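One structure below.
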Amino acid sequence: MTSDFLCLIERRMVNSPFLTFLSRLRMKYWIFGCLLVFLVACQRSERKPAYVAPENPVFVHLSTAATGLDFRNQLPRLDSLYLDFPADSARQENFLRLAERLLGAGGVGAGDLNNDGLPDLFFTASDGKNRLYLNRGGWRFEDVTEAAGLTGNGQWSAGVSLADVNADGWLDLYVCHFGANARNELFIHSGTLSDQGVPIFTEQAQQLGLQNERQAVQAVFFDYDLDGDLDCLVANNFQASPDSTKEWPNGPDRLYQNEKGVFIDVSEKAGFRSARFSTGIAVADFNGDQWPDVALSRDFPENDVSYINQQKGSFAETYPFAHTPERSLGLAAADLDNDAYTDLFTASVLSDDAIRRRTQARFGNNQRALPTVGHNTLQRNEGQFSERAWLSGVAATDVSHSGLILDLDTDGWKDLFVPNGLMRDTRNLDFLEKLSKAGSRLSLKTLLRMMPSVTQSSFAFLNQKDFAFENQAIRLGLGEPSFSNGAAYADVDNDGDLDLIINQMGKPASLYRNDFDEAQKIQSLKIKFKGPAGNPFGYGAEIRVFTGELQQKFSLQPNQGYQSSQEPILQVGLGSAQQADSIVVYWPGFKMQVLRAVTANQTLVMEASEARDKVGSTVPKTNRMLTDVTAELFPKEIRHQEDSFDDLLSQPYLPRTLSKEGPKLAQGDVNGDGLIDVFLTGVQGQAGQLLLQTSKGTFLPSNQPAFLENQYREEVAALFLDVEGDKDLDLVVASGGNQSADSSWVRLYLNDGKGNFTLATNQMPTVSLNASCLAAADFDKDGDLDLFVGARSVPGSYGVTPKSYLFRNEKGVFKEDTPEILSRIGLVTDATWQDLDSDGMPDLVVVGEWMPITIFYNRRGKFTYSHNQTIPNSEGWWTALQKADLDGDGDMDFVVGNWGLNSEYKASYERPLYLQINDFDRNNSIDALLTLAERDGEQYPLDTKDEWKQQLPGWNSPFPSNSAFAEKSFHQLITNAQRRGTLEKKAVEFRSSVLINEGRGNFTLRPLPSVAQQSPVFAIAIHDFTKDGKPDILLGGNLWGMPPTRGRLDASRGTLLVQDSSLIFKEHHAGKGFFNGQVRGFTLVSVQQKYRLFVGRNKGKLQAFAF
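Following this line, the structure appears as structure tokens:
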């Protein structure tokens, strides 16, 4: 195969003088292109911009000298821990896990330990030298560890929890430990203070039953059984001993029930049995029944899990998340979008730095029964969870330890702070290669020195509303690179806003003073709680704060954040509002109280004794716009059975699967009874199904032997039309699925007028293609319907432009009559006909992958290069197309489905995503490489060196290390000779949009709102669902077939968009959560004089909805 092999394929596919011209033009400018390559070859990929301290930070970093906070988290001595080589992968992984735990250990506890009205600070350290600092006022702290009796047992320390364990009105301290002799410590406040105001503690873990001799991470105190006192849940993370001759204490998570001040292990009875790799806990009422539930983040090989309180002393273990991080390092729960549902953020390890991402091991496996991903997840709770981290802008924060959810700017919308950085890159690919070649004993200390070390900035995501966040860490003063572990917030100076305290490895802890109150006129409320006798601080109380149309939900659960505990006071931002209209308090035990017209900028003390009213469910009431009527319409379940073929296995370079495109739906009255029938496309091994409507409005499968004879093809498009002019509907079916083109073709089934179909043998051209769509119109105005067949791809050669076809209907016989301009459109996904220039001739609108939206104008049955139009800056991964008069001006507009913004793949006009197509390694196989334009304007691979080698097995890398590879651009990695003949495609727009027809050939492309970008859109229905006289848009999608480490696109449950008077679309309040799975087709069917929405789902049952 020569370097011009790709061009040879395209010339053989179609003999095109125009392509010959393009080829000559490309060669003419090849020398110029080489000069450009030479000029940029000396450039290098930029990392994210270097940190520059802001001149006027909102959060002011106070020095150690000013505060007295001289705590420094240090690693313990590690000389005695060895790894002998050769070591199997399990022992190596265990050693890496231990290194990560030691490097990442260290939390912060904030709370008023001497009841002087000022929050004090407790820090845990990897080496066990934990410290307590009393807040003396004026931003001065004093180390009183020894005087308070908190020197501890010197074990390796992890999380700290503050709670009034013995219900005496004083906060106690519970410290989690791990290592060879792991045993947690419980420091009970004596209720007395020294003459210097120092609280005195005694260690009583064993006496009270909370020693938990396991590898503990964090503990949460909460009243799980609502009996009025605090119980305790401890998250444990399995850690094998590095010394195979000695066992370390291990075991799953433990739930301890408080029985008159003594804690009893009830884990088995309560349902906490399986988790062994937990990294964090979040306690919240996820389902609104006023009982506390539990979410646990768990590192691989386990998945994050939710325990739903069953109200009888037990929990049900559930897995409500469509996917979770494979490396799940911690989580935080709160209502982020003010809809009264509790959302969930989980931190992982994917870097936001383009170079660094290519030097780190990738995680995630979307092929598992419980799929995992390599990035942070942000689970939006809408009654069901949908994961939107990429769309929300919080997916990649490097090695991060959970997050804190708080209102940083006091505007009434909760923000997200993510501490970041691990002192050693334990998953650096170059280090892992060295480790695999090690041949002698290595101490853990030596092992750590072999690892690269790069400081990282923390992230401060300010809430932009609409479930979107923007990192403002540097502007706020929180972006100084470091190695941050646990963090806590507290109003250190009682000025009404929250300050931040961060535990850092290898340097003094950081205290940031929040000066938002000086930067703007903020309004806030501070709320304290006096709970019942067994829970004096009111842990578990929930409040709703109403200000105008804004509703905020808070829960007092201080034991949150990575290995940390927050000040047990709620801080409520009111923005510019001078008062809260009302505050509703829900106390554990189903009591509530209401305050009205609460003036801002004061401290409230809520007392459980004043609560009177009973509480029912607090789940927001929502009426679904669509009602599932599947069982009523289909007496027998109709299910799409996807075949086993997976093109990602044979073509790992594909950015997404092309083999799971069905099922699609077609409708029409096939038997002349006046009732609409439906056809559901089939797959290899399952024939397409014709469903006949009965007079009762039900649908029954029709026996069609002709369909059964052709069930060995993946069907991707179907269309009913009268081919022969005999007044009945025939059926055209197109096959695809990215299998061999020899088995994929277009079939015509003729109708006998009674709904019985036979395969036509001589009325359809025999063409081999991987089809995507069918569109019919009388383009030559001879009185019959002609057919456009869109081609999706060339199987085995992704990116190479396939041939699409135009079939002319000549008296019931289709003849291939494809003009040159229509044969080489691109990777077509959908098409429709519409007269756009009012000449009475239907024009063709086509969308596709790596394509702009393109209009081919019909000139008296002819299509030429001089009569086509592309929408500027619209090159995208378009997936679906529907037409309708959206603005009521009498002409047709279009709704265009696209890839969306909720995946790792990103594209914009400033930074396009490119596809480079050639046989780069000269092994007689087409390669398709994804490259992304980075900050310096050059293109860089998305993949690591090993992933590139998998795609290019014959490529000889001139760069021996992964870090060297990561720095190089595509033009530096592939030589000029290897690039010769390369085809390049690009994408700049991934947002699903509406294309508004302004008339006279003018079109405006408008992106749909953020919620429409949560997944790829494969199905569109346009109808006045809300009966307000204006067309609404219903979207369906999702895609599970992604490369194993690129995630899974599963956030959509169906989205209904309604428009206002200015043609702006927004999500309907009852327009979500309709259907799960991978939606591939919609059709609106008339059933007993009412429309019903049919939904075709890949590998799922056919559904029907009333509205």
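For the sequence shown, our numbering puts the final residue at 1635, and the numbers step up evenly by one.
For every residue, glycine included, the Cβ atom is placed at its ideal position computed from N, Cα and C.
Note that the coordinates shown come from a computational prediction; the quantities given were computed from them, not determined experimentally.
{"Check": "At the level of alpha carbons, what is the spacing between D1449 and P1481?", "Outcome": "7 Å"}
{"Check": "Return the CA-CA distance between A1303 and T1360, expressed in angstroms with no decimal places.", "Outcome": "6 Å"}
{"Check": "Let me check understanding here. Comparing Cα to Cα, which of G665, Y702, D723 lies closest to A675?", "Outcome": "D723"}
{"Check": "Give every residue of the same chain whose Cβ lies closer than 8 Å to the Cβ of D821, excluding the five residues on either side of it in the sequence, and list them in chain order.", "Outcome": "V811, A812, D813, F814, N815, S834, Y835, I836, N837, F843"}
{"Check": "Which of the three DSSP states, helix, strand or coil, is assigned to H717?", "Outcome": "strand"}
{"Check": "Which residues does DSSP list as the beta-bridge partners of Q1130?", "Outcome": "L1053"}
{"Check": "So, helix, strand or coil for Y1393, using DSSP?", "Outcome": "helix"}
{"Check": "So what does DSSP say about K1217, is it helix, strand or coil?", "Outcome": "Residue identity differs from the one stated: residue 1217 is Gln in this sequence, not Lys. Strand at Q1217."}
{"Check": "Suppose only complete runs of 3+ residues qualify. What are the beta strand (DSSP E) ranges in the stretch 1158 to 1206, listed by chain order?", "Outcome": "1193 to 1196"}
{"Check": "What residues match up with F1227 in a beta bridge as DSSP calls it?", "Outcome": "Q1221"}
{"Check": "For a test of the three-state rule: what should DSSP assign to W1405, helix, strand or coil?", "Outcome": "strand"}
{"Check": "Run through DSSP, which three-state label would A691 get?", "Outcome": "strand"}
{"Check": "Between which residues of its own chain and K1629 is the CB-CB distance below 6 Å, once the five residues before and five after are set aside?", "Outcome": "E1165, R1167"}
{"Check": "Determine the direct distance from the alpha carbon of D1025 to that of I1050, and round the result to whole angstroms.", "Outcome": "9 Å"}
{"Check": "Over the uninterrupted beta strand (DSSP E) stretch that includes Q1631, give me the two end residues.", "Outcome": "1631 to 1634"}
{"Check": "Only counting the same chain, and skipping five residues up and downstream in sequence, which positions put a Cβ closer than 7 Å to that of M525?", "Outcome": "A question about residue 525 goes unanswered here, because the residues of the chain that appear run from 529 up to 1635."}
{"Check": "With respect to the alpha helix (DSSP H) encompassing G632, which residues constitute its N-terminal and C-terminal limits?", "Outcome": "617 to 632"}
{"Check": "What is the DSSP secondary structure of T592, reduced to helix, strand or coil?", "Outcome": "helix"}
{"Check": "Taking the straight line between their C-alpha atoms, what separation do you get for R1508 and I1445?", "Outcome": "10 Å"}
{"Check": "Could you name the residues that DSSP lists as bridge partners for Y1017?", "Outcome": "L1028"}
{"Check": "By how many angstroms is the C-alpha of R969 removed from the C-alpha of R952?", "Outcome": "20 Å"}
{"Check": "Counting only the same chain and skipping the five closest in sequence on each side, list residues whose C-beta sits under 7 Å from that of D1156.", "Outcome": "Q1631, F1633"}
{"Check": "Please classify D1371: is it buried, with 16 or more other beta-carbons within 10 angstroms of its beta-carbon, or exposed?", "Outcome": "buried"}
{"Check": "Within 10 Å of its beta-carbon, does K840 have 16 or more other beta-carbons around it, so buried, or fewer, so exposed?", "Outcome": "exposed"}
{"Check": "Give me the Cα-Cα distance between N866 and E910, rounded to the nearest whole angstrom.", "Outcome": "11 Å"}
{"Check": "Is F1633 near the ligand SAM, in the sense that its beta carbon is under 7 Å from a heavy atom of that ligand?", "Outcome": "With respect to the ligand SAM, the structure shown offers nothing to examine, as it has no ligands at all."}
{"Check": "Taking A1515 as the reference, which of T1146, R1439, L646, N1266 has the closest Cα?", "Outcome": "R1439"}
{"Check": "According to DSSP, is W684 helix, strand or coil?", "Outcome": "strand"}
{"Check": "What residues in its chain sit with their C-beta under 7 Å from that of A1234, if we drop five residues either side in the sequence?", "Outcome": "Y1277, F1285, T1286, L1287"}
{"Check": "Within 10 angstroms of the Cβ of S851, are there 16 or more other Cβ atoms? Answer buried if so, exposed if not.", "Outcome": "Looking at the sequence provided, one finds His at residue 851 rather than Ser. With 16 or more Cβ atoms within 10 Å of its Cβ, H851 is classed as buried."}
{"Check": "Excluding sequence positions up to five away, which residues of its chain have a Cβ less than 8 Å from the Cβ of P1293?", "Outcome": "V1274, Y1333, F1335, F1342, K1343, E1344"}
{"Check": "For R1581, count neighbouring Cβ atoms within 10 angstroms of its own Cβ and tell me buried if that reaches 16, exposed if not.", "Outcome": "buried"}
{"Check": "When the Cβ atoms of the stretch 998 to 1005 are set against those of the stretch 575 to 594, are three or more pairs found closer than 8 Å?", "Outcome": "yes"}
{"Check": "Identify every run of the beta strand (DSSP E) within the stretch 1328 to 1386, keeping only runs that are complete inside it and at least 3 residues long; order them along the chain.", "Outcome": "1333 to 1338, 1341 to 1344, 1355 to 1362, 1371 to 1379, 1382 to 1384"}
{"Check": "Assign S1491 to one of three DSSP states: helix, strand, or coil.", "Outcome": "helix"}
{"Check": "With DSSP run on the structure shown, which of helix, strand or coil describes V1539?", "Outcome": "helix"}
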